[in-house]
Amino acid sequence: MPQRRTKFATQAASEPTRFALRIGGFSLGLWCEQGMPVALDPEHIPFLAPSGADSPCDLEFDVSWASELRAPLSAPDFASGGLWSAHRDHCGTRFYFSSPAFGGGPYKAAWLDPSFSRGHVVLNRESFQSHDSLFPLEYPIDELVLMHRLALGEGVELHALGLVDQDSCGYLFLGHSGAGKSTTARLWMRQPGVRLLSDDRIILRHQAAGYRMYGTPWHGDAGISSPASAPLSAIFFLEQAPTHRIVPISQPQAAAELFARAFLPHYVKSGIEFTLQFLDQLTRSIPCSIFRFAPTDDAVEAIRHAHA
Amino acid sequence: MKEARQNNNQANNNRAAYQPPEVVRVSLRPEEAVLGHCKTFSSTGPAAASCRTFFCKTFGS
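Chains as they are written, first to last, in the working numbering: chain A, 1 to 308; chain B, 1001 to 1061.
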């Protein structure tokens, strides 16, 4: 069973609930309708903004109930095949979330402006009537919104393990599911002075000082999620093998492999173009290699030796 | 004139070797690239994202 949610301190029923998170260098502020039983998932608690919830955030959301929620009759611009679909027009993007568990209609929706800085989350009251708490940005809204915001020219989210070694070198290990991200995370966890950011999802952004990787709440099997961030020093593509070996990879192929492990709105042309440019520049600036490895402790030394 | 020709030769020598274009196939997993799938069916992560609306831990991407 999942861990329990942490409810916010009881507030006056006549007042809206306000809180803010900080993920990937973005602040996300929420104003939730009065009386709504708002709670945080355990993974998000470290990402709660320690202060400044009253200040305007990079992304602001109003959250409210709806007694009825219907998806548009028109075909969506993108149907994920899973929980969500997207409808786009000049006013922005409207996401609708549905599941067989709730019947045919949407159980929630999120409407975002074109800049992905203002949004409105609407929850179908009937769908949540048996819930004593709820997190309005529950997966996949939180990740979906940030993925779209990043694709507007601000960075990229990668399927990766990110960590910082004791000498402050920041390593990114990329891989599809089953490639060994969580296994690699467990090997590094045993090392003193190593900080891990996430074993499944890393947000990467370019700043004046260079590329910076951010931990996220969305973790893998090793359960690692941290709000910390660090400069990026090297990129490795994980492949399991009987022995350790670091294999060079050409810059164009590294960019292509990164693209295949990036989360981005594939239905947004400008987002694709930006991400391709971003990954092209990234692979020209940061050394990239394939890391063929066996799940043994000396895999850590192999990386340190290669980067020394 | 001679100096200009020497500079030109030097610039040619410093050029990166021509690499013909090639097509490389990379593995893209749609069930991982698109968020919001069910981990039960796709066997992909994240492992414990907030799936509590459905009282399970089965969503992945």
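By construction, the Cβ of each residue, glycine as well, lies at the ideal position given by its N, Cα and C atoms.
- Query: At a CB-CB cut-off below 7 Å, which residues of chain A make contact with Arg1029(B)?
  - Reply: In the second sequence, counting from the first residue as 1, residue 1029(B) sits at position 29. In chain order: His176.
- Pick from Phe128(A), Gly162(A), Met213(A), Glu138(A): whose alpha carbon is nearest that of Leu150(A)? In the first sequence, the residue the question calls residue 150(A) occupies position 150. When each option's Cα is compared against that of Leu150(A), the closest is Met213(A).
- Which of the residues in the stretch 258-271 of chain A, read from start to end, lie with their CB under 9 Å from any CB of chain B? Phe259, Ala260, Arg261, Ala262, Phe263, Leu264, His266
- Contact list for Met189(A) against chain B, beta-carbon separation under 8 Å: As a first step, residue 189(A) is located in the first sequence; it is residue number 189 there, counting from the start. Ordered by position in chain B, no residue passes the 8 Å Cβ test against Met189(A), which lies about 16 Å from the chain.
- Message: If you reduce the DSSP assignment to three classes, tell me which class Ile45(A) lands in.
- Response: Stepping through the first sequence from its first residue, residue 45(A) is reached at position 45. The DSSP-derived three-state label of Ile45(A) is helix.
- Item | Per-residue contacts from Val1024(B) into chain A (C-beta, under 7 Å) | By one-based count along the second sequence, residue 1024(B) stands at place 24. Per Cβ cutoff of 7 Å: Gln253, Ala256.
- Is Ala66(A) near Leu30(A), with beta carbons less than 8 Å apart? Translated into positions along the first sequence, residue 66(A) becomes position 66. Translated into positions along the first sequence, residue 30(A) becomes position 30. Not in contact: Ala66(A) and Leu30(A) (Cβ atoms no closer than 8 Å).
- Message: Considering only the alpha carbon of each residue, which of Pro192(A), Asp297(A), His219(A) lies closest to Glu157(A)?
- Response: Counting from one through the first sequence, the residue named residue 157(A) turns up at place 157. Considering only alpha carbons, the answer is His219(A).
- Query: Between the stretch 281-292 of chain A and the stretch 239-246 of chain A, do three or more beta carbon pairs fall short of 8 Å?
  - Reply: yes
- Message: I need the straight-line Cα distance from Pro358(A) to Leu197(A), nearest angstrom please.
- Response: Residue 358(A) cannot be examined here, being either before or after the span of chain A that is shown, 1 to 308.
- From this set, His148(A), Leu69(A), Leu146(A), which residue's C-alpha is nearest Ser127(A)'s C-alpha? As a first step, residue 127(A) is located in the first sequence; it is residue number 127 there, counting from the start. It is Leu69(A).
- Limits of the unbroken alpha helix (DSSP H) element including Glu257(A): Counting from 1 along the first sequence, the entry for residue 257(A) is found at position 257. Note, Glu257(A): alpha helix (DSSP H), 251-260.
- Message: Under 8 Å: do the stretch 223-241 of chain A and the stretch 37-46 of chain A share three or more Cβ pairs, one atom per stretch?
- Response: yes
- Checking contacts by CB at 8 Å: is Gly119(A) closer than that to chain B? For this step, residue 119(A) is matched to residue 119 along the first sequence. Not an interface residue.
- Task: Pick out whichever of Ala234(A), Asp132(A), Gly162(A), Leu282(A) has its Cα sitting closest to the Cα of Gly35(A).
- Result: For the purposes of this step, residue 35(A) is taken as residue 35 along the first sequence, with counting starting at 1. Of the listed residues, the one whose Cα sits closest to Gly35(A) is Asp132(A).
- Query: Expressed to the nearest angstrom, what Euclidean distance is found between the alpha-carbon atoms of Lys1039(B) and Asn1014(B)?
  - Reply: Translated into positions along the second sequence, residue 1039(B) becomes position 39. Translated into positions along the second sequence, residue 1014(B) becomes position 14. Summary for Lys1039(B): the model assigns pLDDT 47, below 50, so the residue's position carries little reliability, and this model does not support an answer.
- Would you say Ser64(A) faces chain B, with C-beta separation under 8 Å as the test? One-based indexing of the first sequence puts residue 64(A) at position 64. So, not an interface residue.
- Query: If you measure from the beta carbon of Met36(A) to each beta carbon in chain B, is any gap under 8 Å?
  - Reply: Mapped onto the first sequence, residue 36(A) falls at position 36. Output row for Met36(A): interface = no.
- Task: Specify the secondary structure class of Arg284(A) as computed by DSSP and reduced to three states.
- Result: Within the first sequence, the letter at position 284 stands for residue 284(A). It is helical.
- With burial defined as no fewer than 16 other Cβ atoms inside 10 Å of the residue's Cβ, what is the status of Gly180(A): buried or exposed? Position 180 of the first sequence, counting from 1, holds the residue named residue 180(A). The residue is buried, with at least 16 neighbouring Cβ atoms inside 10 Å.
- Please work out which residues of its chain come closer than 6 Å, Cβ to Cβ, to Ala302(A), disregarding the five sequence neighbours upstream and downstream, and give them in chain order. Taking the first residue of the first sequence as 1, we reach residue 302(A) at position 302. Excluding residues within five positions, the ones whose Cβ falls inside 6 Å are His244.
- Query: Along the stretch 146-175 of chain A, what residues have a CB closer than 9 Å to any CB found in chain B?
  - Reply: Residues passing the 9 Å Cβ filter: Met147, His159.
- Message: Under 8 Å: do the stretch 80-93 of chain A and the stretch 248-257 of chain A share three or more Cβ pairs, one atom per stretch?
- Response: No, because fewer than three Cβ pairs between the stretch 80-93 of chain A and the stretch 248-257 of chain A fall closer than 8 Å, the two stretches do not touch.
- Message: I'd like to check one pair, Leu172(A) with Gly162(A): are the Cβ atoms closer than 8 Å?
- Response: Taking the first residue of the first sequence as 1, we reach residue 162(A) at position 162. Taking the first residue of the first sequence as 1, we reach residue 172(A) at position 172. Yes, the Cβ-Cβ distance between Gly162(A) and Leu172(A) is below 8 Å.
- Item | Reduced DSSP category for Trp218(A) - H, G, I as helix; E, B as strand; rest coil | For the purposes of this step, residue 218(A) is taken as residue 218 along the first sequence, with counting starting at 1. Three-state result, Trp218(A): coil.
- From the DSSP output, which residues share a beta bridge with Gln207(A)? If you number the first sequence from 1, residue 207(A) lands on position 207. BP columns for Gln207(A) point to Gly210(A).
- Message: Can you tell me whether Leu232(A) is buried or exposed? The criterion is at least 16 other CB atoms within 10 Å of its CB, across all chains shown.
- Response: Along the first sequence, one-based indexing puts residue 232(A) at 232. Counting Cβ neighbours within 10 Å, Leu232(A) comes out buried, since at least 16 surround it.
- DSSP state of Lys1057(B), grouped into three classes? Here residue 1057(B) is taken as the residue at index 57 of the second sequence, counted from 1. A caution first: Lys1057(B) carries a pLDDT of 43, below 50, which makes its placement in the model too unreliable to give a value.
- Query: What in chain B is Cβ-close to Pro100(A), meaning under 8 Å?
  - Reply: To locate residue 100(A), count along the first sequence from 1; it is residue 100. Here the premise fails: no neighbours, minimum Cβ distance about 10 Å.
- Mapping DSSP to helix, strand and coil, what is Pro242(A)? What you label residue 242(A) is simply residue 242 of the first sequence in a count that begins at 1. The answer is coil: DSSP assigns Pro242(A) none of H, G, I, E or B.
- Just to confirm, are Phe237(A) and Leu174(A) a CB contact at a threshold of 8 Å? Residue 237(A) sits at position 237 when you count from the first residue of the first sequence. Residue 174(A) sits at position 174 when you count from the first residue of the first sequence. In this structure, Leu174(A) lies closer than 8 Å to Phe237(A) by Cβ.
- Query: Buried or exposed: where does Gly82(A) fall if 16 or more other Cβ atoms within 10 Å of its Cβ makes it buried?
  - Reply: What you label residue 82(A) is simply residue 82 of the first sequence in a count that begins at 1. Label assigned to Gly82(A): buried.
- Do you know how far the Cα of Ser55(A) is from the Cα of Gly25(A)? If you number the first sequence from 1, residue 25(A) lands on position 25. If you number the first sequence from 1, residue 55(A) lands on position 55. Between Gly25(A) and Ser55(A), the C-alpha separation is close to 15 Å.
- Item | Residue from Asp199(A), His206(A), Ala208(A) whose Cα sits closest to the Cα of Gly215(A) | Along the first sequence, read from residue 1 onward, the residue named residue 215(A) stands at position 215. Per the Cα distances, Asp199(A).
- Would you please state the rounded distance, in angstroms, between the beta carbons of Phe95(A) and Ala75(A)? I believe it to be under 8 Å. Here residue 95(A) is taken as the residue at index 95 of the first sequence, counted from 1. Here residue 75(A) is taken as the residue at index 75 of the first sequence, counted from 1. At roughly 15 Å, the Cβ-Cβ gap does not stay under 8 Å, so Phe95(A) and Ala75(A) are not in contact.
- Provide the residue(s) that pair with Val290(A) in DSSP beta bridges, ordered along the chain. As a position in the first sequence, residue 290(A) is number 290, starting the count at 1. For the record, residue 290(A) in the displayed sequence is Ile; it is not Val. Beta-bridge pairing links Ile290(A) to Phe237(A), Val247(A).
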